[in-house]
Structures are given as structure tokens and as C-alpha cells.
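Participant:
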Amino acid sequence: MANLEKDRTNKKMTGRLIKETPRILKNSEQECVIVNGELEATFHCKSGFLTNLLVRKCPVLRAPMVPCFYRALIDNDQGIMNFAPALAKAGHAGKRWKNLHKQMKLCRFHVSETTSGKRKEIEVETQYRHELFDEDLQICYIFKENKGICVRMKAVFADRPYRIGFTMPLMEQWQKFSWYGRGPMETYCDRKGGGLLGIYEAPLEALSHDYMHPQENGNRTDIRWLEIGGAGRLRFTDLTGNGMDFSAHPYTLDMLDGAGHSYELPKSGAADLQLDGFQCGVGGDSPGFAF
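Counting from 1, position 167 in the sequence shown corresponds to residue 290 in this note's numbering; the numbering is continuous, with no gaps.
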């Protein structure tokens, strides 16, 4: 789905780029640590999640990177509940996608090394089981020479999720965002005609959009690449050719989903980055419904 790279400053020796061969630094029952040049990734073997990421020894994550299939419900996600509030007391069926990463069962965690000629590749393969998957969810992390981490997800769902992507809780120093995609305002798959393709920059606090009732907001679509500055630079590149979505907020998805008013949400702080291969549209053509 996406490729995560460190800031690569050319290091030359006799006119050639030094190859940064990935290697397994540690592989125990509890964790697996892989080094690829100046990037170091730690996986928790019991959950399969990427729990720690260092770029030039600078921490990137404040919590594990986890798959995400839920969004803070927008007014149109509520459907008929907009017109029959009594039904809302029974709970929204879409809530079953919330925090699904806490409910999934890890059924495979496998680390492999392959060599082709002088090129070495390390792959971390994870598989998860849940009733909302018709087939096991597969997430692979691939480490190649000078290529950072390539992340690939394969999923077959029993029902349609709100989004297919990852949540990355970033350390507080990662605050400056630039991207090539649609902007500068928020866009969604069915509401993006006014967002022109281009290169844009914005600080974290400018990426959110406050609605009267707090809900999903601030998404950007058709992203070819995303860079985040702070203690160095992170770069995410779409490898599908279809573009990806991203959003970033100074609050968590749980905080947004639980807020009753916008003033309850912080305006600054550490970013929660959302990277998606897909997110539902916002609807509105049929009153009260999003598709």
C-alpha cells in the first residue's frame, strides 16, 4: 500500500551510494528488531504490530501502528438515526469496526530473509482472524536495500468497513506536513472536485476542520507522497498507482468519536496520523446517508 522511507541524504564513497542492507538485529519470542540503514523497526511478536520505529535514532511512534477500519461517525453515517434519536440508544452497527485491532486474533507471525544475487530482503508476515473478515487479514512489512519499509495489506471483508488503513500515533516533534495530492482543503472520494492536484504544506493544527458536532474531518485524497518534518523527515509513498488518503489530528480517534462539542478537543499536541488506501465518501445525495 505505502512505502515508508527515512530522509535519505546521499552518502558517497568513490562516487557510489553506500548500500544499506537490511538485517535482523534481534528475533526473540517477545520482539523482532530489524535495521535497514538508519531506520530501526521493532515488532511485538504476540500482537504482530510495529511498536517502535527509529529514524536516525529519533523515535517516530508514541504507540504501535495498528490497522484501522473505523472513522468517527459523520452525520450521514448515522442514517435513519438522524431522524429517530431513540434508535441511537441501541447503538450503531458501525461501531463494531471501532478498535478492531484489539479484537483480532493473531494467527501467524513469520520473519523470513531472501537473497537474490547481492540483494537482500527481509519480510515480516502477519495474519489475523476475526468474524468481520471472510479471509484472514494479511499485513506484510518488506525491508529492501535503500527502500525503507514497504507495507502491504490484503483483506476480504464480510461487510464494508468505513476505511482500510493504518493509524500511526506520532511523537510530538513531527508537526510539519507536505504532500502531493488534492488540497489544500479537506477532500473525500465523493467530494474532491474542488481540491486541485498539487504540492501543499501545512502545520498539524491547520489540518483539522471543526464541525458543529465533532466527527470525521480533515481527510486529503489522491496522495502520491506525504512528507512529515520534525526531528528529520519521514516520507510515505503510494505504491498502488491509485493514490492514498491521509489525515492528521492533535487528538486520537477515540477522543474525536467521544466528543460532544469541538471545544472538548485539543488544538495542539502530538499527531495521530491516519493513512488509508480507501475511505467511504461523505454522501449527502440521499439525506442522512453516506456510502
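Idealized CB from N, CA, C, for every residue including glycine.
These numbers were taken from a predicted model, which means no experiment stands behind them.
Ordered along the chain, which non-local residues of its own chain (more than five positions away) have a Cβ less than 6 Å from that of T174?
Facilitator: T165, H167, P187
Participant: Mind checking which residues open and close the beta strand (DSSP E) that includes D313?
Facilitator: Careful: D313 lies outside any beta strand (DSSP E) and carries neither H nor E.
Participant: What does a CB cutoff of less than 6 Å around L223 pick up in its chain, not counting 5 residues either side in sequence?
Facilitator: For L223, same chain residues with a beta-carbon under 6 Å away, outside a window of 5 residues either side, are F192 in chain order.
Participant: Tell me the DSSP secondary structure of L398 in three-state form.
Facilitator: strand
Participant: Hey, S391 and P337 are a contact pair by Cβ (cut 8 Å); roughly how many whole angstroms apart?
Facilitator: Your pair S391 and P337 does not check out as a contact, with CB atoms roughly 16 Å apart and the cut at 8 Å.
Participant: Confirm, please, whether the CB-CB distance from P145 to K228 is below 9 Å.
Facilitator: no
Participant: DSSP three-state label for Y386, please.
Facilitator: helix
Participant: Hey, would you say M291 sits closer than 9 Å to P190, going by beta carbons?
Facilitator: no
Participant: On the premise that T344 lies in contact with R286, defined as a C-beta separation below 8 Å, what is that separation, rounded to the nearest angstrom?
Facilitator: Wrong, their Cβ atoms sit about 12 Å apart, outside the cutoff.
Participant: So is C403 buried or exposed if we call it buried at 16+ other beta carbons inside 10 Å?
Facilitator: buried
Participant: If L327 sits next to P373, beta carbons under 8 Å apart, how far is it from one beta carbon to the other, in whole angstroms?
Facilitator: 6 Å
Participant: Compute the distance between the beta-carbons of D368 and F401, then report whether it is under 9 Å.
Facilitator: yes
Participant: With DSSP collapsed to three states, give me the class of K149.
Facilitator: Here K149 sits in strand by DSSP.
Participant: Between the C-alpha atoms of V274 and Y311, what's the straight-line distance to the nearest angstrom?
Facilitator: 23 Å
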